[in-house]
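Each protein sequence line maps, in turn, to chains A and B. So the working numbering is basically just the index in the first sequence, starting at one, shifted up by 19. So the working numbering is basically just the index in the second sequence, starting at one, shifted up by 19. A virtual CB, placed ideally from N, CA and C, is assigned to each residue, including glycine. Note sheet for the following structure.
There are 2 protein chains.
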Amino acid sequence: VSYADDLVERYRTTGDRGALARLVSLVERDAESFRLGRNIGETTNEEAGFVLGVTGSPGAGKSTLVDRLVANFRAAGDTVAVVAVDPSSPFSGGAILGDRVRMQRHTQDPGVYIRSLASHGHLGGLSVAVPEVVRLLGSLNFDWILVETVGVGQVEVEIAGEADGTLVVVNPGWGDSIQANKAGLMEVADIFVINKADRDGVRNTKRDLENMLELGGDSGCSIPIVETVSTEPRGIEELVTEIQAVRERLSRSGELDERRGDRRAREFSRVLDGIWRESLGEVGAVKEMRNAVKCGTRAPIEAAHSVMADVVVALQKRLEKE
Amino acid sequence: VSYADDLVERYRTTGDRGALARLVSLVERDAESFRLGRNIGETTNEEAGFVLGVTGSPGAGKSTLVDRLVANFRAAGDTVAVVAVDPSSPFSGGAILGDRVRMQRHTQDPGVYIRSLASHGHLGGLSVAVPEVVRLLGSLNFDWILVETVGVGQVEVEIAGEADGTLVVVNPGWGDSIQANKAGLMEVADIFVINKADRDGVRNTKRDLENMLELGGDSGCSIPIVETVSTEPRGIEELVTEIQAVRERLSRSGELDERRGDRRAREFSRVLDGIWRESLGEVGAVKEMRNAVKCGTRAPIEAAHSVMADVVVALQKRLEKE
């Protein structure tokens with residue numbers, strides 16, 4: 020039995036939090052590990068918890084909102100994992116954790132697990148660790164996995180693609196909803212939350228969102244817009260009701276299975292492309308030839324073909340090691 | 020001597036337009052061909068003509084502007100190739116050609132070559148044919164290669180990356196410059212053209228552009244903004260003067276060589292990635308395994324590793340054929 024298997028077993032039987040933390044660290048450090056992938060990868064659609072992405076501009080109040088949702092889900096007896104995805108590099112780390120001090124009241128609750136992850140992998144782009152950790156937590160029978168991202172950008176849209184459903188959090192004021200539109204978040208939102216709804220401009224923001232949804236809208240089902248003041252709290256019950264409704268609708272219609280299937284297929288492709296890019300990086304001839312192409316001493320197409328033999332050898336060596 | 024070599028030789032010695040047209044078609048159909056890549060790929064930086072990208076919203080008047088530029092360059096004794104990049108699929112084709120009827124006055128001029136190309140390759144994304152045709156035309160001693168794209172989007176920005184210099188064409192009015200900013204065109208512009216400058220709002224548009232350039236501006240050199248009315252024509256002489264100045268500045272500073280080197284290096288990587296994606300597409304096991312992953316019967320990471328042996332065999336077979 021592998022170390023990972025052992026940790027899974029320990030967490031499942033005794034609820035050992037240390038085992039869970041080490042398991043997540045293992046996945047974060049080496050998500051591509053073949054063995055680990057095989058051991059924790061066999062979650063079927065039906066077993067897994069619901070992954071809810073929470074995204075929006077920095078300062079929109081996502082952390083407080085997540086804290087309120089956790090309390091609400093817990094009060095109903097559900098278990099919750101929170102994955103906070105940081106834009107920081109895997110090595111700078113930690114900066115965002117300070118923001119989550121308020122989450123500490125949940126750390127003593129065995130029904131809650133909270134973890135920060137870096138959004139970028141060592142090859143750039145969305146870290147393969149994020150979807151893999153999310154899948155791990157889903158397979159460990161958390162009822163809800165909340166994935167909170169910081170910022171509005173390409174990575175946030177990609178992470179939304181890794182969720183079963185997505186909350187987009189905006190604040191009253193024109194710029195926020197425009198930015199959400201610009202970043203492509205309108206297309207991934209299952210629910211809009213206008214947080215800090217005690218401020219001026221709520222009605223305008225709601226109208227902006229409705230207009231943009233109408234413009235972009237090929238989907239027949241309307242996207243709910245919920246107003247909250249997470250600090251009071253206000254509107255959280257209504258938000259939870261809408262989240263439950265979205266989960267039920269997605270599950271009943273088969274869309275949940277479809278989203279999860281697409282997600283796994285994307286991950287499959289991402290892993291293959293990662294192997295390719297890593298192998299290219301290992302082959303000295305690729306670097307040399309790229310320089311020659313840059314200097315104009317070799318033609319790009321011909322040069323690319325000329326390194327393929329070395330690249331294939333590198334791929335073969337990699338296969339043999341596994 | 021290959022068919023491609025023969026065509027190059029015929030065009031170079033006799034200026035045979037039919038040979039040139041067949042050569043471009045050959046590159047368009049099979050840009051990745053190893054032989055062809057080797058034969059036409061040895062252009063050094065110094066020999067090649069200047070590639071000027073012309074981009075901007077549909078209806079901004081790019082075709083008329085290009086037509087005026089062609090006339091101006093020809094009057095100065097320079098030869099010009101025009102590549103019109105269409106957003107249409109390689110198979111629908113032709114729709115945009117109608118727009119270029121006004122270019123017909125140049126078709127009898129042996130110093131002008133005009134060609135439409137589809138922007139998307141058969142694998143999606145920017146067609147590898149576009150940079151390759153541009154490089155071919157540069158190597159055939161056209162003094163200028165004008166690459167006109169239709170629309171404002173990711174592909175346009177990518178095509179701008181394939182040019183030595185880029186004109187971004189906008190019209191008076193707020194939305195146009197905002198859209199250029201949103202699409203990332205501000206970063207690639209070497210010159211802004213406010214075309215249809217006989218309309219209201221020129222001053223505001225100029226101020227908008229200046230503000231956005233200032234906000235985004237890490238570069239020390241200011242980007243010229245030229246007002247034109249291409250239908251009259253007005254401002255074309257000034258525009259040509261600015262284009263010449265940009266060409267000279269880029270050439271003198273060494274930036275032209277650098278841009279061309281980066282471009283070739285990107286093409287090198289794109290060809291390698293293309294070989295990878297094509298090979299994945301050829302392997303039945305990849306398709307089967309992706310389906311299994313989608314249905315949840317196999318785990319993504321493990322499934323990806325399990326097909327690698329077949330993928331390596333496919334790559335090897337490909338190598339042997341070459």
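* Could I get the ranges of all uninterrupted alpha helix (DSSP H) runs contained in the segment 275–334 of chain B, with 4 residues as the minimum, in chain order? => 303–314
* Could you give the distance in angstroms between the alpha-carbon of residue 142(A) and the alpha-carbon of residue 292(A)? -> For this step, residue 142(A) is matched to residue 123 along the first sequence. For this step, residue 292(A) is matched to residue 273 along the first sequence. Because residue 142(A) carries a pLDDT of 44, less than 50, the predicted location of this residue cannot be relied on, and no value is offered for it.
* Check each residue of the segment 311–330 of chain A: if its Cβ is closer than 7 angstroms to any Cβ of chain B, include it; give the result in chain order. => 312, 313, 314, 315, 318, 319, 320, 321, 322, 323, 324, 327, 328
* For the beta strand (DSSP E) that residue 97(B) lies in, which residues bound it at each end? -> In the second sequence, counting from the first residue as 1, residue 97(B) sits at position 78. Unbroken run through residue 97(B): none, as it is neither H nor E.
* To do: Check distances from the C-beta atoms of the segment 248–276 of chain B to those of chain A and list, in chain order, the residues that come in under 9 angstroms.
  => Only those residues of the segment 248–276 of chain B whose C-beta falls short of 9 angstroms from the nearest C-beta of chain A are listed: 276.
* Asked: Do residue 220(A) and residue 254(A) have their C-beta atoms within less than 8 angstroms of each other?
  -> Here residue 220(A) refers to the residue found at position 201 when the first sequence is read from its first residue. Here residue 254(A) refers to the residue found at position 235 when the first sequence is read from its first residue. No, these two residues do not count as a Cβ contact at 8 angstroms.
* Asked: Exposed or buried, which one is residue 105(A) when buried takes at least 16 other CB atoms within 10 Å?
  -> Taking the first sequence and counting its residues from 1, the one referred to as residue 105(A) is at position 86. By the neighbour-count rule (16 or more Cβ atoms within 10 Å), residue 105(A) is buried.
* First through last residue of the alpha helix (DSSP H) which encompasses residue 148(A) -> The count along the first sequence starts at 1 and reaches residue 148(A) at position 129. From DSSP, the alpha helix (DSSP H) with residue 148(A) extends over 148–158.
* Asked: How about residue 247(B) and residue 207(B): are their beta carbons less than 8 angstroms apart?
  -> The residue given as residue 247(B) occupies position 228 in the second sequence. The residue given as residue 207(B) occupies position 188 in the second sequence. No, the pair does not count as a contact, with Cβ atoms beyond the cut-off.
* Note the first and the last residue of the continuous alpha helix (DSSP H) segment covering residue 28(A). => On the first sequence, residue 28(A) is found 9 positions in, with the first residue counted as 1. Element bounds for residue 28(A): 22–33.
* Asked: Can you list the residues of chain A that residue 175(B) reaches, using a CB-CB cut of under 9 angstroms?
  -> Locating residue 175(B) in the second sequence gives position 156, where the first residue counts as 1. Listed along chain A, no residue sits closer than 9 angstroms to residue 175(B) by beta-carbon distance, the nearest being about 17 angstroms off.
* Identify whether residue 79(B) lies in helix, strand or coil by the three-state DSSP scheme. => In the second sequence, residue 79(B) corresponds to position 60, counting from 1. Residue 79(B): coil per DSSP, three-state reduction.
* Asked: Mapping DSSP to helix, strand and coil, what is residue 86(A)?
  -> Reading the first sequence from its first residue, position 67 is the one you call residue 86(A). The answer is helix: DSSP assigns residue 86(A) an H, G or I state.
* Asked: Can you give the beta carbon distance from residue 228(B) to residue 42(B), rounded, assuming they're within the 8 angstroms contact cut?
  -> The residue given as residue 228(B) occupies position 209 in the second sequence. The residue given as residue 42(B) occupies position 23 in the second sequence. 39 angstroms between Cβ atoms; not a contact.
* Just tell me which of 318(B), 250(B), 278(B) has its CA closest to the CA of residue 179(B). => What you label residue 179(B) is simply residue 160 of the second sequence in a count that begins at 1. Closest option to residue 179(B), Cα to Cα, is 278(B).
* C-beta neighbour in chain B for residue 309(A), strict 8 angstroms -> Stepping through the first sequence from its first residue, residue 309(A) is reached at position 290. Yes, its Cβ sits closer than 8 angstroms to a Cβ of chain B.
* **residue 284(B): contacting residues in chain A (beta-carbon distance under 7 angstroms)** => As a first step, residue 284(B) must be located in the second sequence, where it is residue number 265. 309, 312, 313, listed in chain order.
* Is DSSP giving residue 185(B) helix, strand or coil here? -> Taking the second sequence and counting its residues from 1, one reaches residue 185(B) at position 166. Residue 185(B) carries a strand assignment under DSSP once its states are collapsed to helix, strand and coil.
* Asked: Should residue 287(B) be flagged as near chain A, meaning a C-beta pair shorter than 8 angstroms?
  -> Start at 1 with the first residue of the second sequence, and residue 287(B) comes out as number 268. Chain A contact via Cβ: present.
* Reference residue 138(A); option with closest CA among 48(A), 204(A), 217(A), 163(A) -> If you number the first sequence from 1, residue 138(A) lands on position 119. Residue 48(A) is the option with its Cα nearest to residue 138(A).
* Asked: Touching or not, the segment 250–267 of chain B and the segment 180–191 of chain B, by the rule of three or more beta carbon pairs under 8 angstroms?
  -> yes
* **Residue range of the unbroken beta strand (DSSP E) whose run includes residue 137(A)** => Here the question's residue 137(A) lines up with position 118 in the first sequence. From DSSP, the beta strand (DSSP E) with residue 137(A) extends over 131–137.
* Where does residue 246(B) fall in DSSP's three states? -> On the second sequence, position 227 is the one that residue 246(B) refers to. Strand at residue 246(B).
* **Assigned secondary structure, residue 208(A) (DSSP; H/G/I helix, E/B strand, else coil)** => Here residue 208(A) is taken as the residue at index 189 of the first sequence, counted from 1. Looking at residue 208(A) - three-state DSSP - the assignment turns out to be coil, as it is neither helix nor strand.
* Short check: CB of residue 102(B) to CB of residue 134(B), under 8 angstroms? -> Within the second sequence, the letter at position 83 stands for residue 102(B). Within the second sequence, the letter at position 115 stands for residue 134(B). Closer than 8 angstroms, so yes.
* To do: Name the two residues that bound the continuous beta strand (DSSP E) containing residue 167(B).
  => Here residue 167(B) refers to the residue found at position 148 of the second sequence. It spans 163–168 - the beta strand (DSSP E) in which residue 167(B) sits, taken as one unbroken run.
* Asked: Taking C-alpha atoms, which residue in 250(A), 319(A), 249(A) lies nearest to residue 282(B)?
  -> Taking the first residue of the second sequence as 1, we reach residue 282(B) at position 263. Selected option, being the one with the closest Cα: 319(A).
* Just the chain A side, please: which residues come within less than 7 angstroms of residue 341(B) by C-beta, in chain order? => Position 322 of the second sequence, counting from 1, holds the residue named residue 341(B). Result: 324.
* Asked: On the three-state DSSP scale, how would you describe residue 67(B)?
  -> Position 48 of the second sequence, counted from the first residue, corresponds to residue 67(B). Correct three-state label for residue 67(B): coil.
* How is residue 224(A) classed by DSSP in three states: helix, strand or coil? -> The sequence position of residue 224(A) within the first sequence is 205, counting from 1. Here residue 224(A) sits in helix by DSSP.
* Run down chain B in chain order and give the residues with a C-beta less than 7 angstroms from the C-beta of residue 295(A). => Counting from one through the first sequence, the residue named residue 295(A) turns up at place 276. Under the 7 angstroms cutoff, chain B gives 295.
* Is the CB-CB distance between residue 215(A) and residue 80(A) below 8 angstroms? -> In the first sequence, the residue the question calls residue 215(A) occupies position 196. In the first sequence, the residue the question calls residue 80(A) occupies position 61. Yes, these two residues count as a Cβ contact at 8 angstroms.
* How is residue 337(B) classed by DSSP in three states: helix, strand or coil? -> Taking the first residue of the second sequence as 1, we reach residue 337(B) at position 318. Correct three-state label for residue 337(B): helix.
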